[in-house]
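J.: Numbering (the UniProt record's numbering), first residue to last: 1 to 338.
C-beta: ideal position from N, C-alpha, C; glycine also.
Dropping the structure in here first, questions after.
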């Protein structure tokens, strides 16, 4: 039954209808003249979008100088055009996921790992593999890495298709990030991604945290990655309880060394998937409460750990009314490199 609901959901996100999910109880981003998180959310939407230009031939070098290899408006955005891409990954083999880029920003001394979302036919097949499987962090189980934090995720289960990233390509990506970090030891680590890329960003962020690095993870439109024990493990690792207090007080997150921040858009069905209460979200949630691309500080809600996905929802009743465009609409058409 779970598989069939999952399949229905992925099919219905192409619908042209609309449905107001529920009333929200967050505080909007225009509650303080000094709040900066609205601009920060826009920044990460553009950064996540740049990763999709791998399909256009995005290569090493400055993002703003890629020409027709990065024609998206994201590539000319003030927060992304000066980024230098130093690594790129494109996995197209059977059951392989994890394509993305590593970029560095000299002005903010940041290393960005950005994962591309669902693109290939294989990505969709992996998305359908929602059966929960036992999960253990890569750096805890592999002899290739030396974890500083050896805590394990006890009795944890995650999405089978998403977990395939760790088994097939996780070590490849992680080793490249560590090489860049070694070259730039005083640079902070930030991981981001949209859709499937959001889930991969969460898994990669866990590995970096266990290796002892402060890590900021910012995701857009991500599905539920794992069951309750996994969500609890992630919240402990990223100190979500204290992060929630900080964001609510400071109206900003980009300066926080370690945090998991999620963006969810009205009418986007993917954050509700897999459609089961056994899978849970984690991190701090921002809710984009207006349809379409345009958002304002008034339409962005700081929900924290009061997740909109936890509210009662009849999937079979509302799935036909979700819209695929709102899965891609996070300030810009994130998944379109045009």
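Check whether the Cβ atoms of residue 224 and residue 265 lie closer than 8 Å to each other.
T.: no
J.: In the DSSP assignment, the alpha helix (DSSP H) including residue 45 goes from what residue to what residue?
T.: In the DSSP assignment, residue 45 falls within the alpha helix (DSSP H) that extends over 37-51.
J.: Would residue 51 pass as a contact of residue 111 if the rule is Cβ separation under 8 Å?
T.: no
J.: Roughly how many angstroms separate the alpha carbons of residue 99 and residue 154, rounded to a whole number?
T.: 29 Å
J.: Start and end of the alpha helix (DSSP H) containing residue 230?
T.: 228-237
J.: CB residue 270 to CB residue 204, shorter than 8 Å?
T.: no
J.: Can you find at least 3 beta carbon pairs, one from the region 225-232 and one from the region 287-298, that sit closer than 8 Å?
T.: no
J.: Please specify which runs of the beta strand (DSSP E), each continuous and at least 3 residues long, are wholly inside the region 265-330, giving them in chain order.
T.: 284-288, 300-304
J.: Going by the CB atoms, is the gap between residue 59 and residue 88 shorter than 8 Å?
T.: yes
J.: Based on Cα-Cα distance, which residue from 338, 335, 296 lies nearest to residue 38?
T.: 296
J.: Closest by CA to residue 103, which one among 135, 191, 151?
T.: 191
J.: Given a threshold of 16 other Cβ atoms within 10 Å of its Cβ, counted over all protein chains shown, does residue 251 qualify as buried or as exposed?
T.: In the assembly as shown, residue 251 is a buried residue. Its beta-carbon has 16 or more other beta-carbons within 10 Å.
J.: If residue 211 sits next to residue 148, beta carbons under 8 Å apart, how far is it from one beta carbon to the other, in whole angstroms?
T.: 6 Å
J.: Can you give me the Cβ contacts of residue 216 inside the same chain, cut-off strictly under 6 Å, excluding the 5 residues immediately before and after it?
T.: 190, 259
J.: In this structure, how does DSSP classify residue 165 when only helix, strand and coil are distinguished?
T.: Taken through DSSP and simplified to helix, strand or coil, residue 165 comes out as helix.
J.: Give the secondary structure of residue 248 by DSSP, where H, G and I count as helix, E and B as strand, and everything else as coil.
T.: helix
J.: Any idea which residues DSSP pairs residue 82 with across the strands?
T.: Paired residues: none, contrary to the question.
J.: Cutting at 7 Å between CB atoms, please list the residues of its own chain near residue 150, excluding the five before and the five after it.
T.: 140
J.: I'd like the list of long-range same chain contacts for residue 173, defined as Cβ closer than 7 Å, with 5 residues on each side in sequence excluded.
T.: 89, 98, 204
J.: Is it true that the CB of residue 263 sits closer than 8 Å to the CB of residue 113?
T.: no
J.: May I ask which residues mark the beginning and end of the alpha helix (DSSP H) holding residue 202?
T.: 196-210
J.: Opposite residue 263 in the DSSP bridges: which residues?
T.: 220, 286
J.: Could you give the residue range of the beta strand (DSSP E) that holds residue 180?
T.: According to the DSSP assignment, residue 180 belongs to no beta strand (DSSP E) but to the alpha helix (DSSP H) extending over 171-183.
J.: In whole angstroms, what separates the C-alpha of residue 186 from that of residue 208?
T.: Near 15 Å, if we compare the C-alpha coordinates of residue 208 and residue 186.
J.: Residues in the same chain with beta-carbon distance under 7 Å from residue 157, minus the five sequence neighbours each way, listed in chain order, please.
T.: 132, 133, 134, 135, 226, 227, 230
J.: What residue range is occupied by the uninterrupted beta strand (DSSP E) comprising residue 134?
T.: 132-134
J.: Could you tell me which of 197, 106, 305, 249 sits nearest to residue 164, measuring between CA atoms?
T.: 197
J.: Grab the span of the beta strand (DSSP E) containing residue 154 for me, first residue to last.
T.: Looking at the DSSP string, residue 154 is not in any beta strand (DSSP E), and its letter there is neither H nor E.
J.: For residue 328, which of 45, 36, 28, 206 has the nearest alpha-carbon?
T.: The residue with the shortest Cα to Cα distance from residue 328 is 45.
J.: Identify whether residue 144 lies in helix, strand or coil by the three-state DSSP scheme.
T.: Three-state result, residue 144: coil.
J.: Mind checking residue 278: buried by the 16 CB within 10 Å criterion, or exposed?
T.: Residue 278 is exposed by the Cβ-count criterion.
J.: Return helix, strand or coil for residue 338, following the three-state DSSP convention.
T.: coil
J.: Quick one: using the 10 Å Cβ neighbour count with 16 as the cut-off for buried, is residue 294 buried or exposed?
T.: exposed
J.: If the criterion is Cβ atoms closer than 8 Å, does the pair residue 193 and residue 244 meet it?
T.: no
J.: For residue 83, which residues of its own chain have a beta-carbon under 6 Å away from its beta-carbon, when the five flanking residues on both sides are left out?
T.: 63, 103, 105
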